[in-house]
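Asks:
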């Protein structure tokens, strides 16, 4: 984040942070992001955040099942049919393998999608607005843009303060 | 045991195909004469036509020297004639150091006459003359130069080595680029790293797959033999039938390595070769003298848990030696051309047709016959009669 | 393709001639890659073609993944009939001094690898015994001598010949007695040769000596018929057989022949009304006893009394003279009734070597008019010619110092003589001691010269087991070591130029060739004899004087005290083959014990004395042996097997079990295995016994299904109700019934014919390279045999009914084992075989768990080239016996019966290349081939005409554990006992 | 999902967010390793080394070094395999079931439980490997493209299902576990003083930010993975059960097995969790987080499951009797309830079905020592159950002639002890190097629980 163009409202109580967000949204003030040591569901609601990962997961599962059955059928019916204990080659017991591998593909690809979407990878460099968010502080980040005049800034400060921010920093 | 009449026709057929490959003849040949040529392939062990004396006399003009009747009976069984004291016979017998010409009870008069015709013809199949001329020319060249087959082999062998080297290089490159990517950010353009790594993975992957599959296999294996023996000369130029030396191919699981005595059939006379002079042939005599059998190096090896039977494939399946051993007639030094993997066997078992109608044995496969009649299947492959079962080869 | 192999015409002619004579010798050359002893061997068809390279590597490289350079070394000159990779069969004869069998020897790359019975022999009729089957392994025994020894050190034949000849002449001049001690010799030519030898050395005294004697029978017949002979018994002509301590199916006289004959009367078809009946009075539970319809445990001391009682009952009925006998409470009336019903169609035999008893037996048989019918005096049996008194005379002579030289051929008195100690001491007095033993046995160890004899597979010989029935022994391989045949020794010492081969040929030319009319030229005759192995001369038997009755008396049964009954085991016999690991590991058909002898104790006695299995007892304060509680052992008796406790047998046989020959009963002057009274005391020790079976009753499960003749006649499906039940809802299954085209291999086992002789086990072992695992492993339940002969007792412990059931892989069509193998190592073939790919197996052993028949075997260790398993597969020589067509399994893989798939493939190929259909009966599995009672049938189930299909059609047919719906291809036929319900 | 029902006090001692962070990170941050850790690790490693000997002996000499034979060809190896898999069920059962069921009290336990799962499954995985006769050909079990035809595997074989199921289970639960730890790694990254730890945990944390959107996706992904893995908990042990149920053997061939095994697995898993957590909370002084309430909850569950087990045993026996198959009857009544293996059978019954019933008494549930002991009894009992199933059935099957008993050898014991060593070593490393409890999740529930506390106090007044 570039320096001196953010307002950070620091809270030490999740509910306070939530109310602050509520206020800001009400006043049509764009919130860049909220950092917290643990998830705050109300904040998502207020900010109307959504994710489409579940749909993807379903697709992965479906594809997984199909391809696994495809392989099983090809290998044991077409490619090299062998008789085991008088059973038909296209056996009912494929279900077991299909079931398990469906789950596997679901899990792995879901995770990958998540990592990609979040742009997370081992050794990624980060700098937090405030390291304490990893411990006990909740920080609301508001970006300052050129058309943001003194008054507005002041208003934001007050809003944050009133809704219980322990400190409001510029950075 | 002795020649059994019922054997010959079968053998005839294989050698018939064999001849076709040898002559590379594009034109269809009249069966009779073609068969004569094939029958003569055996005579070639001891006789030439205008090529000078071998074990037996040069047959050029023999048809003028003797009456056809005499020749026929002589070829049928020379020894009887010698015993019966036929002058000419005895004379020839003594002249050629009392080596009797083996009898051919199985050959019909017609066949023998046919052969004589072939000899008269100067060893040309009537009609296929041109073709044969050409092929002869080709072969004489081939002996000096490296034949296409061998060339091909070498390429493949080299190809494998090259792949190995490339893989090594790519591996090193990958390592470097990775180091650079993480620690020393020397190259700024990241995509370079990615490309190197990806292509590296590809090459190394291919190489390791190739390596893994060739484990315990020896494709392109081409050991040096105790005697510099050229199949190109024997099978190629002199057109000696494979089964002249590998005589048990139709009676046993092993094709058989010829005893030195078989070599002696010709080399008791042929004491020197075009390319190696006396040196190599002398080794045979040494072996005989020292009573030490020649230790040939086995080229085509199968693992011990695989049961392979030549009789099944050569006699029953009517496969040509080539189909597994490659075009031996084009190789000086024999190499293993196929990887002899289970997959390779099965591919053939899946494609190759069995002698389903020709061989009475298969009459027992009622259901298949019905299918065949009903036209449900066009032909019967080995697979359909259990060619994919484990215990056809593993027990 | 003959034309290719001649070199010069001389050679060519030679080959022609030799082919006719079947005895060619191709030019000599040295055999590469054999150890020095073998290097001396000269080349011929009968050589190791180790240089063939393939066969041996099949063993050595079974598991190696690196590719070694393999040499393919051809013969320098290839003999005629040898085609590498194709088996040759040669007719020959097995005779170990005790047991006779006409055989075919299967050779591959000129190595003998398997013994089969010879169909053409009227005596053994394709039957073999376990010993015969296993004898091929003796050829490859490491203990065999590599060359002649003098005073225990290597020496050359030259010195041997010179010195011995010298010594013999010396003795001749000082006319000291020279004793040639041999086993019974049934070879006419050898007997003649010995005669010649004796003419040259008049001081020579020839003693035939049998460790287990049957001289009493000869004596009795001498008294009754004026001729000391053993008649030829015909059990097939007897509807009622009564055996007294005669294990004629196991070890007595000619078990092969008798099993064949016995089985003829036991084969029974649906609707058949009659079947032969066997009564057995015996002390030990013998194999024969276990097959008897009625079995009476009796003490040895009771036998004569019981017999006399039986005689008297019969005599009264037919009004012959009766004799006063002592009282026994064994009931013989039923036996008598049956015997009288079947006059002339019955047979009474006793195995006890006791004159009184044999006299009574003869008397009974003559009462019943069995002579000339079920007993053939005109064709006497030449086995068992040894007479105790000769041996004793010899012994006393030696002790008296009259004897200057001893020659031992095929005998081992220092081990199996009753008076071992006396004998061994006496031997010191003898200046010249020569042994012709193949190995350093106990006697050879005492001798100063050992002239190793050839193995019988390396020898020329002939045999006349029964008068006018001849057979040939011909070498199928050149001597592996620097050994020489006994007869050749004699010939050389007689410095008579000919070799025994020629001697033999001449003898036949002069003696037997005239006795036939079929062949005009001797060459033809001789060729056929060698080809067929047998010859029957066309002389009509001479008549014997009629029966002269003798005074019969019976000894008084002992009231108390413990009586000992020694017996021969099927596997060990008299102990000659003790160094044969196959035989050592062969489970006794009755006790299922391997690798030991032990004291068989009757259950009640054990309870009374508080004896447990494996407790060690001391007999007469000397010999210590473990207890084996043996149901059916007669009260007041114990049984011990002879043939154990060898000290000089070799690495395998040494110190296995204890030697009990000294306990033989000699009070009557006859060596009698029965009747020594012994004292036993309990020690604190225990000794582990390796039994292959730990549970002995069927728990009321329908495993062996049986019925009695009575109810069988009413309903041939009786005893097989379960099967009817099963048929009602057959193939009640989710899946369609398996279908096959052309072939579906099936095996059928007639439990009524099967005597449980365990011959098939060894045959299978030899055919399929089954490993020997040793006592500890057997004890752990890891025996490798592909066939088990399960043995069950009925509930009554004192005298149980016994069931024998061979179980091998049942080749199920719905095989539970196939479903569970993760790597597809075991699948179903299109010929209905349950196939096992060893090289795919990773050894999860899931299939073993899931096999209801528990016929799958796991290679718990590496059994090849492993010093912890120092048996035949751990020596280069021993490995020569392996069948090159069958993979030697690696450690960690599961193996099992394959229905001898290699034989199936072989015959199919033969049919293909001869362009014809496969014939029924062409394929014979190893077990089937060796079965002396033809209990096993193998063939194509889809061919409704095949033998196996036919035998499956009977109402007696059922599948083992059929309720599991595994659909086995192996079927069983119910056992029918000829009993009153 | 964070506004679920409040369920009693979960975190005691009026902790603040900082307290939580500090408490959880304490073991990681302390510079020098405590003595008890070294001692424990020493013993664990010793066990492991002995196990390595066992492996060596087996691979070099062959399976013959075990007590198995032609009739009983599965023994301790398979018993232990099933036993470990069973234990491996707790973690996932805990975190995932309770996550999906929105059970808040799991938060202070699930991390440890999952770690336990991972190591238990790894330990279990060793047995099928070493159990193979030709381990060097083990790769045959993978359907990889090859030059043998290509020859694939037998997809009908329960053993093949095992391979698939267990590897899947291991992968899935590991990923789930790791993802759960990412925020905590980030916390360590920010809190820790040492540069190295900052670097290492930094890499491990994948650059986690903790932004609102991040949390949203995180929670969704976690829930999805959890939801997907949940069926595995059932399927894995059902499949293991099919190893037996698919067999024809009397005593194996029974439809009750899959559910029966799953329950058994959770049973042993929970008891193992109990065992471990009691130790951990003592050593790390986590009484405030892993409260008596937690233990009590687990104890109640165990009581319930043990009842189910009891019923299962009775059902088995009843069906055997009801089927009227002589073979089944024999196995249950002549070879288990009585016969050579009676001891194992009754040990199983008493440890699994009878002793846990003591949990009915509140006193006992409250007495940590007794709870601890009983939990160990259950583990033993479950081991015996597997022994009874595997060995008794095999030792006396259809044909009495093939009956044979089985006794383990020192090698088999060594291998078992070795895996125990491996397991404990793994747990010890986990305790030393990773956050033992899910920090963020604890923080997530802190507020409500503390408010609950107030409420309770008011009520109690």
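Residue numbers (the working numbering), protein chains in the order written: chain X, 1 to 171; chain B, 172 to 566; chain U, 567 to 1547; chain G, 1548 to 2008. From the three backbone atoms N, C-alpha and C, an ideal C-beta is built for every residue, glycine too.
Between residue 1032 of chain U and residue 783 of chain U, is the Cβ-Cβ spacing less than 8 Å?
Replies: It is not a contact, given that the beta carbons lie outside the stated cut-off.
Asks: Among the residues of its own chain, which have a CB less than 7 Å from the CB of residue 1579 of chain U, if the five just before and after it don't count?
Replies: Limits of chain U in this structure are 567 at one end and 1547 at the other, which puts residue 1579 of chain U out of reach.
Asks: Comparing alpha-carbon positions, which option in G:1656, G:1749, G:1619 and G:1622 lies nearest residue 1637 of chain G?
Replies: It is G:1656 whose Cα lies nearest to the Cα of residue 1637 of chain G.
Asks: Of the choices U:1237, U:728, U:1242 and U:778, whose alpha-carbon is the least far from that of residue 664 of chain U?
Replies: The candidate whose alpha carbon is nearest that of residue 664 of chain U is U:778.
Asks: I'd like the span of the beta strand (DSSP E) that includes residue 743 of chain U, first residue to last.
Replies: Start and end: 743 to 748.
Asks: What did DSSP end up calling residue 1603 of chain G once you bin it into helix, strand or coil?
Replies: It is helical.
Asks: Cβ of residue 517 of chain B less than 8 Å from any chain G Cβ?
Replies: By this cut-off, residue 517 of chain B is an interface position.
Asks: Beta carbon of residue 40 of chain X, beta carbon of residue 17 of chain X: below 8 Å?
Replies: Cβ distance < 8 Å, so residue 40 of chain X and residue 17 of chain X count as in contact.
Asks: Go to residue 971 of chain U, then tell me how far its beta strand (DSSP E) extends in each direction, as first and last residue.
Replies: Element bounds for residue 971 of chain U: 969 to 975.
Asks: Distance, Cα to Cα, residue 378 of chain B vs residue 327 of chain B?
Replies: Roughly 14 Å separates the two Cα atoms.
Asks: With a 10 Å radius around its C-beta and 16 neighbouring C-beta atoms as the bar for buried, classify residue 900 of chain U as buried or exposed.
Replies: With fewer than 16 Cβ atoms within 10 Å of its Cβ, residue 900 of chain U is classed as exposed.
Asks: Chain G partners of residue 133 of chain X, CB-CB under 7 Å?
Replies: Near residue 133 of chain X (Cβ distances below 7 Å), the residues of chain G are 1757.
Asks: Nearest CA to the CA of residue 5 of chain X: which residue from X:121, X:32, X:163 and X:64?
Replies: Among X:121, X:32, X:163 and X:64, the Cα nearest to that of residue 5 of chain X is on X:32.
Asks: Identify every run of the beta strand (DSSP E) within the region 981 to 1039 of chain U, keeping only runs that are complete inside it and at least 3 residues long; order them along the chain.
Replies: Complete beta strand (DSSP E) runs here, min 3: 998 to 1001, 1027 to 1032 and 1035 to 1039.
Asks: What do you reckon, are the CB atoms on residue 1282 of chain U and residue 1541 of chain U nearer than 8 Å?
Replies: No, these two residues do not count as a Cβ contact at 8 Å.
Asks: Whose Cβ in chain B lies nearer than 9 Å to the Cβ of residue 1690 of chain G?
Replies: Those do not exist, as residue 1690 of chain G stays about 15 Å from chain B at its closest Cβ, beyond 9 Å.
Asks: When you measure from the CB of residue 1527 of chain U to every non-hydrogen atom of the ligand MG, does any distance come out below 7 Å?
Replies: You won't find the ligand MG in this model; it holds no ligand whatsoever.
Asks: Any contact between the region 358 to 376 of chain B and the region 334 to 346 of chain B? By contact I mean 3 or more CB pairs, one from each, below 8 Å.
Replies: With the cut-off at 8 Å, the region 358 to 376 of chain B and the region 334 to 346 of chain B touch.
Asks: Is the beta carbon of residue 1132 of chain U sitting closer than 8 Å to the one on residue 1206 of chain U?
Replies: Yes, the Cβ-Cβ distance between residue 1132 of chain U and residue 1206 of chain U is below 8 Å.
Asks: So for residue 947 of chain U, helix, strand or coil by DSSP?
Replies: The answer is strand: DSSP assigns residue 947 of chain U an E or B state.
Asks: Run through the DSSP bridge pairs and tell me what residue 1401 of chain U is partnered with.
Replies: Answer is U:1393.
Asks: DSSP puts residue 169 of chain X in a beta bridge; with which residues?
Replies: Answer is X:8, bridged to residue 169 of chain X.
Asks: Quick one: residues in its chain with C-beta nearer than 6 Å to the C-beta of residue 889 of chain U, no 5 flanking neighbours on either side, listed in chain order?
Replies: Same-chain partners within the cutoff: 1118.
Asks: With a Cβ-Cβ cutoff of 8 Å, do residue 1219 of chain U and residue 1337 of chain U count as a contact?
Replies: Cβ atoms of residue 1219 of chain U and residue 1337 of chain U: not closer than 8 Å.
Asks: Just to make sure I have the definition right: I need the residues of chain G whose C-beta is within less than 8 Å of the C-beta of residue 36 of chain X. Which are they?
Replies: By Cβ distance, chain G contributes 1757, 1759 and 1762.
Asks: Take residue 463 of chain B as the anchor and find which of B:430, B:445, B:447 and B:446 has the nearest alpha-carbon.
Replies: Of B:430, B:445, B:447 and B:446, the residue nearest in Cα terms is B:430.
Asks: Give me, in chain order, the residues of the same chain whose beta-carbon lies closer than 8 Å to that of residue 734 of chain U; leave out the 5 immediate sequence neighbours on both sides.
Replies: Around residue 734 of chain U: 744, 767, 971, 998 and 1059.
Asks: Which residues of the region 1397 to 1423 of chain U have a Cβ closer than 8 Å to any Cβ of chain G? Give them in chain order.
Replies: Flagged, chain order: 1406, 1407, 1408, 1409, 1410, 1411, 1412, 1414, 1415, 1416, 1418, 1419, 1420, 1422 and 1423.
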